[in-house]
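Undergrad: One structure follows; several queries about it will come next.
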């Protein structure tokens, strides 16, 4: 049995049932549609730039912290694992996860907040909408059409992507006909898109915990952040961590806490995946979800954690918020990032000629604000700092090409 025809549950999106692509595509070849999506995302410039974009701790602070790229790869792994557990299309779920953050700006959520504020009166900015804009328009490797010409199912999952870590107050209006068409299919993405939503949440909970526990003083890096921002003692307040730790300590009684952090995180992963798989199967059966369209139009999510696990995640997320995301060192980095993005945006809107010609040439067809937003959203942390030095501080930063 080929990979494209392996047995899937009735609610899964089968390769042969894909709704296709926006444009006739002479380059599509004989690949399965979702394998082709994956290949095009992997070879895109937007994907490569994720390597130098902040997850939580600003890139350059340490080589050991997650970046937006490593986060993405972990979301792919979680999504494929959950998809296989419930009989969904793991290739599609993985491809959606691979593309879900292509529209994320530099400096993590601080950069997104800054761009959303800059664009508040100019059409808005939200990174899920920007991810769709990247794959539909900003990437342009094929002469016959703009964008990567990805599958309908992947594109609708990008615009419908949401997790507990997103910021609903930053929602931007949908002013694009293609985006409206995707939203018209129903309020929810297909099962595989919902899986990527949960894969994103699982990856966040695990890797933000591990990064926050990382003791930089052992590795001689970290700048003014010389020790971990979270301790294992603080994590005892998290029921999710405590349950996982109890299971691990039953195998290695007496082991020092710092020595079993990775096994505890692995056990947390198992708890989250097992819970999500069981709850999703229960919801799918209870609601009679027997097709992709049934999942799209369902009044509730078909893929979810149980209410008990949601409560545990709430406690864990609140702990991370208070101890990590609001840590003074992280807050200082975020404040600086917002200032850099906001001031650079103002420079480019005032003088679009300071942007590369491929961007400034769009002024007229598009507003200076939208073009500047596209330009900054595509930057890596390093490139953004270089442009800031070039045009704001005048320290002679080097434009990276």
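In my numbering, the protein residues as written are 5 to 405.
Don't be surprised by glycine CBs; every beta carbon is placed ideally from N, CA and C.
DSSP has residue 367 in a bridge; who is on the other side?
TA: DSSP lists 370 as partners of residue 367.
Undergrad: Assuming contact is defined by CB atoms lying nearer than 8 Å, are residue 140 and residue 182 in contact in what I supplied?
TA: Their beta carbons are under 8 Å apart, which means residue 140 touches residue 182 by this criterion.
Undergrad: Quick check on residue 123: buried or exposed, where buried means 16 or more other Cβ atoms within 10 Å of its Cβ?
TA: That one is buried.
Undergrad: Pull up the distance between the alpha-carbon of residue 298 and that of residue 142, whole angstroms please.
TA: C-alpha separation (whole angstroms): 32 Å.
Undergrad: Which class does residue 76 belong to by DSSP, given the choice of helix, strand or coil?
TA: Here residue 76 sits in helix by DSSP.
Undergrad: Taking residue 45 and residue 103 to be in contact with their CB atoms under 8 Å, please state how far apart those CB atoms are, rounded to whole angstroms.
TA: With a Cβ gap of about 5 Å, residue 45 and residue 103 count as contacting.
Undergrad: Taking the alpha-carbon of residue 207 as reference, which of 365, 70, 152 and 29 has the nearest alpha-carbon?
TA: Ranking the options by Cα distance to residue 207, first place goes to 70.
Undergrad: Assign residue 22 to buried or exposed, taking buried as 16 or more other Cβ atoms, counted over all protein chains shown, within 10 Å of its Cβ.
TA: It is buried - the Cβ of residue 22 has at least 16 other Cβ atoms within 10 Å.
Undergrad: When DSSP labels each residue in this structure, what does residue 395 get in the three-state scheme?
TA: Helix at residue 395.
Undergrad: With distances taken between CB atoms, is the gap from residue 72 to residue 59 smaller than 8 Å?
TA: In contact: residue 72 and residue 59 (Cβ atoms closer than 8 Å).
Undergrad: Please work out which residues of its chain come closer than 8 Å, Cβ to Cβ, to residue 282, disregarding the five sequence neighbours upstream and downstream, and give them in chain order.
TA: Answer for residue 282: 310, listed in chain order.
Undergrad: Checking the sheet assignment: what are the DSSP bridge partners for residue 71?
TA: DSSP lists 58 as partners of residue 71.
Undergrad: Pull up the distance between the alpha-carbon of residue 276 and that of residue 356, whole angstroms please.
TA: Each residue's alpha carbon lies about 47 Å from the other.
Undergrad: Buried or exposed for residue 326, going by 16 or more other Cβ atoms inside 10 Å?
TA: It counts as exposed.
Undergrad: Whose CA, out of 267, 212 and 89, lies closest to the CA of residue 285?
TA: For the residues 267, 212 and 89, the minimum Cα distance to residue 285 belongs to 89.
Undergrad: Give every residue of the same chain whose Cβ lies closer than 6 Å to the Cβ of residue 138, excluding the five residues on either side of it in the sequence, and list them in chain order.
TA: Cβ neighbours of residue 138 beyond the five flanking positions: 50, 106 and 107.
Undergrad: What residue does the alpha helix (DSSP H) around residue 247 start on, and which one ends it?
TA: Unbroken alpha helix (DSSP H) run through residue 247: 243-255.
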